[in-house]
Amino acid sequence: MTQAEKKAVALSPATAKVGFVGIGNMGEPMASHLIKAGWIVQVYDSDTGKTRKFVATHGGGGAASLAELGRHSNVIITMLPDGHVVRQVVLGGTGGAGDCLAKSMAQGTVIIDMSSSSPVGTRALGKELVAPGISLLDAPVSGGVKGAVAGSLAIMIGGDEELAKRFDPLLAPMGRRFYVGSLGSGHAAKVLNNYVSAAGLAAAGEAVIIARRFGIDAQTLINVINASTGRNNSTENKFAQFILNKKFNSGFALGLMAKDLVLAMEVAEACAVPAELGHATLRLWKAAEAEVGGKADHTEIVKHLGDL
Ligand code: NAD
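Here numbering that gives the first Met the number 0 is used: position 71 in the sequence shown is 70, and no number is missing along the way.
Right, here's the structure in full:
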C-alpha cells in the first residue's frame, strides 16, 4: 500500500489503539465518548488518581507512564493545559530527558493535539516529529465542559487534509469537525475564537456594572441585551448560569483564557496585525489573573471589573 493509499483508509475501532493524555475537565468527558463509541482507549494523566478514577468510572485502560502509552498506541490524543506541556509530554525535557511519548511511538503513528496550544509552537513540534516518523494534527475544541459532556464540541482541525479525513471517525464522537488548513491553523482559529469570546465577556461585564450603578437590575440588562444586537455567547450562556448567581463554575479557568489571549496576540504579531483591541483585552485579562488568580473560573473576571 502506498503512503497516499494508507492515508486514505479511514481509521476504525478494529484497527486503532488509542492513547489519551490529560483527563481533566475536558479530557475526561471527551475520552469517555470514545469508549462509548467502541474505541479501545488507554488513558494517562500525571495525576494518577484521575487515571484510576477514569478507568473505574468509564472503563478502558490506564497506562503507568507516557513511554508505556506510546508503545501501545497507534494514535494518541493530548488534552493538556498548553503547548509547553504538550511539547514536554511528546518530546521530554531538555535533550529528551524523562518520560515521554515520542521515544516509544512507532513510525507511522499519529498525535492529535486537542489542547489550546500555541499555533507557532505546533508548527515547530510538527517539524521535530518528522525525523521519528510521527505525524501531528492539531484539533482544539470550543464548547466548554458542557459541549465536551454532550459530545457537541466544535473541533478545528489543522494539518494534512487526507490524514485529517482518515481520523475523522475518531473525532466524530466528540463533536463537529471543521478542517481549517495547514498544521497550526486549528490552534490559530481556536485562540482567535477565544479572543472574541474573552472580549465579549469583558464588554458585557463592564456593561452590567455600569448599568447597575445607573440603577438598572443586572438580569434585566442581560434580558434586554439577549433580545438585542449586543447579545453574545457570554450574555446568553454565562451571565445567568455562572455569574449573576455567583456560582462561577463554568469549568474553564481564568488562567487558561489569559493564556489563549497571549497566543492570539502571538499570532497577530507573527502576521504583523496591530490588533489594538486584542492587546487591550489581553492586558485586562492579565490584570484579572494577577488579582483573582489563574485557577479561578474565567467568569470571575467580573470581580476584577467592579462590583456586580
Ligand atoms: P484541566 O486542567 O482540567 O486538565 C488538564 C489535565 O492535564 C489535568 O488532568 C492534569 O493533571 C493533566 N496534566 C497536566 N500536566 C500533565 C503532564 N505533564 N502529563 C500528563 N497529564 C498532565 O484543563 P481543561 O479545562 O481540561 O483544559 C484542557 C485544554 O483544553 C486547555 O488547553 C484549555 O485551554 C482547553 N479548553 C478548555 C475548555 C474548558 O471549558 N475547560 C474549553 C475549550 C478548550
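Note that CB positions come from ideal geometry on N, CA and C, so glycine has one too.
Quick check: the region 183-199 against the region 164-171, are there 3 or more CB pairs under 8 Å?
-> no
Sort Leu136, Val40, Val89 by Cα distance to Gly60 and report the nearest one.
-> Within the sequence shown, the letter at position 61 stands for residue 60. If we check each option's Cα against that of Gly60, Val40 comes out closest.
Pick out whichever of Gly143, Val42, Ala138 has its Cα sitting closest to the Cα of Phe241.
-> By one-based count along the sequence shown, residue 241 stands at place 242. Considering only alpha carbons, the answer is Gly143.
Spatial distance of Ala101 from Gly18 (CA atoms) = As a position in the sequence shown, residue 101 is number 102, starting the count at 1. As a position in the sequence shown, residue 18 is number 19, starting the count at 1. Going by the C-alpha atoms only, they are around 13 Å apart.
Pairwise C-alpha distance: Ser116 and Arg122 | Start at 1 with the first residue of the sequence shown, and residue 122 comes out as number 123. Start at 1 with the first residue of the sequence shown, and residue 116 comes out as number 117. Rounded to the nearest angstrom, the two C-alpha atoms are 11 Å apart.
Where Leu276 falls, given that 16 or more other Cβ within 10 Å makes a residue buried = Position 277 of the sequence shown, counted from the start, is the residue given in the question as residue 276. Exposed: under 16 other Cβ atoms inside 10 Å.
Would you report the Cα separation of Gln218 and Glu160, rounded to the nearest angstrom?
-> In the sequence shown, residue 218 corresponds to position 219, counting from 1. In the sequence shown, residue 160 corresponds to position 161, counting from 1. Between Gln218 and Glu160, the C-alpha separation is close to 45 Å.
Span separating the alpha-carbon of Val88 from that of Ser227 | In the sequence shown, residue 88 corresponds to position 89, counting from 1. In the sequence shown, residue 227 corresponds to position 228, counting from 1. In a straight line, the C-alpha of Val88 is about 46 Å away from that of Ser227.
At what residues does the beta strand (DSSP E) containing Gly16 begin and finish?
-> To locate residue 16, count along the sequence shown from 1; it is residue 17. For clarity, residue 16 is Lys in the given sequence; the question names Gly instead. It spans 16-20 - the beta strand (DSSP E) in which Lys16 sits, taken as one unbroken run.
Hey, how far is the Cα of Ser249 from the Cα of Gly305?
-> Residue numbering aside, residue 249 sits at position 250 when the sequence shown is read from its first letter. Residue numbering aside, residue 305 sits at position 306 when the sequence shown is read from its first letter. So the alpha carbons of these two residues sit roughly 20 Å apart.
Other residues of its chain near Tyr178: CB distance less than 7 Å, five sequence neighbours each side excluded = Here residue 178 corresponds to residue number 179 of the sequence shown, with the count starting at 1. Ile156, Glu160, Ala163, listed in sequence order.
With DSSP as the reference, label His297 as helix, strand or coil.
-> Taking the first residue of the sequence shown as 1, we reach residue 297 at position 298. Taken through DSSP and simplified to helix, strand or coil, His297 comes out as helix.
May I ask you to report which of helix, strand or coil DSSP gives Gln41?
-> Translated into positions along the sequence shown, residue 41 becomes position 42. Correct three-state label for Gln41: strand.
4-residue-minimum alpha helix (DSSP H) runs that sit fully inside the region 68-127, ordered along the chain = 82-90, 118-127
Assuming Ser103 and Gly69 make a contact with CB atoms under 8 Å, what is their CB distance in whole Å?
-> On the sequence shown, residue 103 is found 104 positions in, with the first residue counted as 1. On the sequence shown, residue 69 is found 70 positions in, with the first residue counted as 1. About 4 Å separates the two Cβ atoms, so the contact holds.
Could you have a look at Ser227 and say whether DSSP puts it in helix, strand or coil?
-> Translated into positions along the sequence shown, residue 227 becomes position 228. Here Ser227 sits in coil by DSSP.
Figure out for me which residue from Ile110, Val301, Glu67 has the closest Cα to the Cα of Phe238.
-> Position 239 of the sequence shown, counted from the start, is the residue given in the question as residue 238. Nearest of Ile110, Val301, Glu67 to Phe238, Cα basis: Val301.
Under three-state DSSP, which class holds Ser11?
-> Start at 1 with the first residue of the sequence shown, and residue 11 comes out as number 12. In the structure shown, Ser11 falls within a coil segment according to DSSP collapsed to helix, strand and coil.
DSSP state of Ile156 mapped onto helix, strand, coil | By one-based count along the sequence shown, residue 156 stands at place 157. Look at Ile156 here: in three-state DSSP terms it is strand.
Given that a residue counts as buried once 16 or more other Cβ atoms are within 10 Å of its Cβ, and exposed if not, what is His297?
-> Looking up residue 297 in the sequence shown gives position 298. His297 is buried by the Cβ-count criterion.
What are the boundary residues of the beta strand (DSSP E) that Asp137 is part of?
-> Within the sequence shown, the letter at position 138 stands for residue 137. Per DSSP, Asp137 belongs to the beta strand (DSSP E) from 134-137.
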